[in-house]
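Heads up: the first sequence begins at 23 in this note's numbering, then just goes up one per residue.
Every residue, glycine too, gets a C-beta built ideally from N, C-alpha and C.
All remarks here apply to the structure that follows.
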Amino acid sequence: MKINLPGGNVKELPEGANAFDLAKSISPKLAQAALAAKVNGTAVDLYRPLSDNDSVEILTFDSPEGVSIFRHSSSHILAQAVQELYPDAKIAIGPAIENGFYYDFDVEKPFTPEDIQAIEARVKKIISEKIPFVRSEPSTEEIQQYFSSKGEIYKLELLNAIKGLPSVYTQGTWKDLCRGPHVPDTGYVKAFKVLSVAGAYWRGDEKNKMLQRIYGISFPKVSMLEEYIHLLEEAQKRDHRKLGRELDLFSFHTEGTGFPFWHPKGMLVYNTIADFSRKAHLAAGYMEVKTPIILNEELWHKSGHWDKYKENMYFTTIDEQTHAVKPMNCPGHLLIYKNTAHSYREFPMRFFEFGLVHRHEKSSTLHGLFRVRQFTQDDAHIFCTPEQIEPQITEVMNFIMNMYKVFGFEDYKIELSTRPEKYIGSLEMWDKAEKALQSVLEQQKIDYQLNPGDGAFYGPKIDFHIKDVLKRSWQCGTIQLDFSMPERFDLEYTDIDGQKKRPVMIHRAMFGSMERFIGILIEHFGGALPVWLSPVQVKILPISDRFIEFASRVELQLKEAGIRVETDIRAEKIGYKIREAEVNKVPCMVIIGEKELESGSLSIRQHGKGDIGLLSLDNLISRLSDETRKNPVFNNN
RNA sequence: GCCGAUGUAGCUCAGUCGAUAGAGCAUUCGAUUCGUAAUCGAAAGGUCAGGGGUUUGAUUCCCCUCAUCGGCUCCA
C-alpha cells in the first residue's frame, strides 16, 4: 500500500503495516523517537494499522502534539500509581497541560509529601516494567459496568457525556476511559516528577466536590528533566516579588493587603514608563484627564457597575451618602464628556488617564504586582461615530503593538471575548459590536483566539496577553467596544446634518495595569532593566577617598546630562563596591582611581559583562543617551 | 470563598522531644585607603505573625484569626 508522507513523498509498505513500521522504514532514529502518529489529520497510536493512501506524520517529542501525547500517557501512569497505592482513590480527569500534566483524584485525605514520594517511586516501578498501553473499544455498557463495579463515578459521568464511540486504554490490569492516543508503553517515560499538589473542584465548579490534583512533568530523557528543573530555578530567580524586595523597588504590607507600596527606586521606574506613555499618547492625539477616585452611588447605578460589578467594589459614606471607590474610570470620563456639547468635528475624541482604581479581589488570588487590589490603568476612552469604529480600533491595535515592541515584547496572543452572562444593553448592540471587532481582526489578518462569554459587561473586547518568562500569560492591553454607556449616560453629538446623534465609545488600556506591567518587565529582564528604565543608570565607584572629589565632578556632569547616577563613597574595597553594584543590577559602573585621575578618562564596567575599558566622559554620556533613544518616542525629540 | 503548605532579626535560614532563641548577609561604630563580584573587629537588632486554650511553665502541643505561597474560580 502507498503511504503519503508530509514532504509529499510516498512510501510503499506491506498491507497491515503501522506507523511504527513506517518510522522504521524511514530511519532507526525516527523509529526510536516515534511516540504516536497523525493519520489523515487525526492523532492515533503508533501500532494502529494503516490503510492504503493514508497521509501519515510520525509524532515525536519535537512537536507540541507529540509532547501532549507523551504527557497524557504520563498522567495515566501517575493515576495507575496512585490507585495501586490508594485503591480507594477515585480517578477524575487527567489531561496534558501547557507545562506538564495533572490528574485529579477523589481521596479521603489530601496527599502528604510522603505520599508524593511513594507515588513517585511507584511511577518509577511502572515505568521500568514497560507496560504497553493497549487501546480497546468495548461497548458503552461494558465500560459502564466496569467503572460502576469500581465505583468510578467521575468516569461514569464523563462516559455519559461522550458522543460517538468511547475507547479504553489498558496498562497491565489498570484501565482508564480515554480517547488517546498514547505512547506504546510506559517505558517511554524516562523522567517523571511530581511538581505540586493542589485542590481543584470537579469540572472547575466550586459547587462541586473538591478533588486533589497532582501536577507533574515528564520527559523522554533524564537530562531534559534536569534542564527543566534548572529552568524553573532560573525562573524563580526572576520572580518579581523577590526582585522587587532585593532591588528595593516596592513592598507589600499586612496593613493593606494587595495594595503596593512604591519605594523611591520603584517610583523612578514607574515614572519613566508613565512619562514615556504620556508622551506617546499626547503624540497620538489623546488628551490627558484626571477623575476622582470616589464618586457617589447614583453614578454607579447609572453606569451599571452597581448591578454588575458591586462584588468587586469598595464603598464609603460621605455626608450620609454612599459613595464607591472607582473600579474603572469610564464613568468619570463620561461626566467630562457630558459637561459640554460636542460636534462630530471633535471626533475621534480621546480621553486618557492614569486612573487609580481599586477592585476587591479575593485574597487568595493576590499575587505580587501581577494581581493587586489597587492599580493604575493607562486607560483611555475614545468617543467616535459608528463609521469611525473600525479605523479607530485598527489604529489602537497598532498603537498598542508598537508600544509593546519598545519594551521588547513580541510574544503575545490576542483574544476576542464576547458577551458574558452578566451584561447590559440589547442583543442587537452586542451583535453589532462583536461583528465590528471580529471584522477588524480579520481584515488585519491577525491570529486570535475566541473567548466566548468573556467580554466586559458593557461590551465585547480584544485582549492582548503578554507572555512572561514563567510562560504565564498576562492580560495587558484591552480594547472594548461599548454602545451601552453612551446610551445610559445619554451622550450626544451634533452631526454634519445638524442632528443630535449618539456617539460610540471605545474603552482601551495598553499596559492594562502599570503595576502588573512593571512586574512583567522585572521578570522579563530578570531585574536587569535596560538603561532607560533603570532606577540607577550609573554607579560611580572611587577606589579610595582620595578620588571622591573627582568622582563627584563626574557625578555632577552626568546628572547635568540627565543621567540617574549615584556615587559609592564608602571606605570599602573596590571589589566590594563592584559586587554590590552588580547585585543591584546597575547597568553601568564607573571606576575612578589614580589612572582615571591622571588620564581624565573613565573605566567602564557593564553589568553582567565586566570591564569594557576606558571611555571619555563625553563618550559615556552619548552612549547612555543612545541607549535611551532606542525608544522611538524619544527619537522625535 | 474552597483545598493544602508555610509564618523565628531587614533578608536567607538553623534551633527548642515544653523551661522565653542562634548563624550568615544587611545595619551602626571603629580600624583599613585598597584596581574590577564579599577587608578585619565590635555593637545593636526578636512579645519566635496575632489572639485564645491545655500546662507549674508555650516560640514549641491544640483551636481561631491574619498574612504569605501553590492551586480551583475570577480578572487589568
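Which parts of the region 410–449 are runs of the alpha helix (DSSP H), unbroken and 4 residues or longer, counting only runs that do not cross its ends? 411–428
Return helix, strand or coil for GLN102, following the three-state DSSP convention. helix
Where do the ends of the beta strand (DSSP E) carrying ARG530 lie? 526–531
Same chain, Cβ closer than 7 Å to ILE91, neighbours up to 5 away in sequence not counted: LEU57, ALA58, ALA65, LEU81, PRO203, HIS204 and VAL205
Whose CA, out of VAL145, LEU619 and CYS200, lies closest to the CA of ALA660? Outside the displayed range of the chain (23 to 659) lies residue 660, so it cannot be described from this structure.
Using alpha carbons as the reference points, say which of PHE169, SER77, ALA55 and GLU545 lies closest to PRO242. ALA55
Outcome for PRO132 when other beta-carbon atoms lying within 10 angstroms are tallied against a minimum of 16: exposed
Close beta carbons around LYS33, own chain, < 7 Å, minus the five adjacent residues each side: ILE25, LEU27, LEU44 and SER47
Residue range of the unbroken alpha helix (DSSP H) whose run includes LEU357: 352–360
Could you tell me the alpha carbon to alpha carbon distance between ASP640 and PHE431, rounded to whole angstroms? 32 Å
Taking DSSP as the reference, what is the three-state secondary structure of ALA363? coil
To which residues of the same chain is PRO36 closer than 7 Å at the C-beta, ignoring the five residues directly before and after it? none
In whole angstroms, give me the CA-to-CA distance for ALA573 and LYS599. 14 Å
Given 8 Å as the limit, is there contact between the region 360–377 and the region 392–412, that is, 3 or more CB pairs closer than that? yes
Buried or exposed: where does ASN606 fall if 16 or more other Cβ atoms within 10 Å of its Cβ makes it buried? buried
Run the CB neighbour count on PHE421, radius 10 Å, all protein chains shown included, and call it buried at 16 or more, exposed below. buried
Determine whether the beta carbon atoms of ILE446 and SER506 lie at a separation below 8 Å. yes
So what does DSSP say about GLU594, is it helix, strand or coil? coil
Where do the N-terminal and C-terminal ends of the alpha helix (DSSP H) with ASN182 fall, by residue? 175–183
Are the region 438–455 and the region 475–483 in contact at 8 Å, needing three or more beta carbon pairs? yes
If you draw a straight line from the alpha carbon of GLU649 to that of ILE626, how long is it in whole angstroms? 15 Å
State the DSSP-derived secondary structure class of ARG372, mapped to helix, strand or coil. strand
Cutting at 6 Å between CB atoms, please list the residues of its own chain near THR398, excluding the five before and the five after it. PHE376, LEU378 and MET536
Spatial neighbours of ARG524 in its chain, beta-carbon cut-off 6 Å, leaving aside the 5 residues before and after: PRO508
Which same chain residues, not among the five before or five after LEU619, have their C-beta less than 7 Å away from its C-beta? PHE569 and PHE572
Are the CB atoms of ALA39 and ASP126 within a distance shorter than 8 Å? no
Please report the residue range of the beta strand (DSSP E) in which GLN396 lies. 396–406
I believe VAL558 touches GLU588 by the beta-carbon criterion, under 8 Å. Please report the beta-carbon distance rounded to the nearest angstrom. 5 Å
Straight-line CA distance for PHE298 to ILE562? 26 Å
Which residues in the same chain as SER647 place their Cβ atom closer than 6 Å to its Cβ, once the five residues preceding and following it in sequence are excluded? none
Limits of the beta strand (DSSP E) - the one that SER140 falls within: Per the sequence shown, the amino acid found at residue 140 is Ala instead of Ser. Looking at the DSSP string, ALA140 is not in any beta strand (DSSP E); the run it does join, the alpha helix (DSSP H), is 135–150.
Please name the residue in SER158, PRO160 and SER96 whose C-alpha comes closest to that of LYS212. SER96
Name the two residues that bound the continuous beta strand (DSSP E) containing PHE547. Taken as a continuous stretch (DSSP letters only), PHE547 belongs to no beta strand (DSSP E), as it is neither H nor E.
Residue(s) in a DSSP beta bridge with ALA346: LEU317 and PHE337
Closest Cα partner of LYS109 within the set GLY88, LYS301 and TRP196: Looking at the sequence provided, one finds Pro at residue 109 rather than Lys. Closest by alpha carbon: TRP196.
Roughly how many angstroms lie between the CA atoms of HIS98 and LYS172, to the nearest whole one? 17 Å
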